[in-house]
Structure formats: C-alpha cells, structure tokens
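In the working numbering, the protein residues as written are 1 to 86.
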C-alpha cells in the first residue's frame, strides 16, 4: 500500500487543487508513481491533466469518486507509491 495524502478543507477556494497539482507534478518528476483522486465535482484537475498530456508532460492518472470514497482510496493506494486525495 502506498502513502495517502489527504488535502481537505470545508471551505472552497483555499488552493486545494492547486496544491494537489503541484505536489503530484513534483513527485512524478522525482520518479514516484502517483494517482490523484478527486472527490468534488469540479473538473479543474481533469483539465489540468489534459493540458499536461497535450504539452508532452508526464500524465498523472486522475480518478473521481463521490460520497463514501473509502473503498476507492483503499483500491487506488495499492496501485501507486503516493495517492493524493483532493
């Protein structure tokens, strides 16, 4: 099981997705396998990852889950070194 990094706040607009994107990019650039799990319905991270791919940068898998996400966290954490949950 990989490490799990939870980035949470009950307030919107505090920079969670920006932190997730930057941290994920840094870890991938250091050779770590990373998966991002988004748990809200905005598409910022999906759009960001498409732009990375379009520009020839390493793709970071972005998955989505809503509601009770514990099973998805358990499943995905087995597939990577670092799972970042936004």
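Positions of the beta carbon are idealized from the N, C-alpha and C atoms, including for glycine.
Values in this document were obtained by computation on a predicted structure and should not be read as measured data.
Does the Cβ of residue 3 have 16 or more other Cβ atoms within 10 Å, making it buried, or fewer, making it exposed?
-> The residue in question, residue 3, is exposed, as its Cβ has fewer than 16 Cβ neighbours within 10 Å.
Runs of beta strand (DSSP E) lying entirely within the segment 3-61, each at least 3 residues, in chain order = The DSSP assignment places complete beta strand (DSSP E) segments of no fewer than 3 residues inside the segment 3-61 at 3-6 and 34-38, in order along the chain.
Pair every Cβ in the segment 64-71 with every Cβ in the segment 27-34, then say whether three or more of these pairs are closer than 8 Å.
-> Judged by pairs of C-beta atoms under 8 Å, the segment 64-71 does not touch the segment 27-34, as fewer than three such pairs exist.
Taking DSSP as the reference, what is the three-state secondary structure of residue 79?
-> Collapsing the DSSP output to three states places residue 79 in coil.
Based on the DSSP output, what are the partners of residue 69 in its beta bridges?
-> Looking at the DSSP assignment, residue 69 forms no beta bridge with any residue, so it has no partner.
What whole-angstrom Cβ distance do residue 7 and residue 86 have, given they're in contact under 8 Å?
-> Right, their Cβ atoms sit about 5 Å apart.
Figure out for me which residue from 10, 74 and 38 has the closest Cα to the Cα of residue 20.
-> The option with the nearest alpha carbon to residue 20 is 38.
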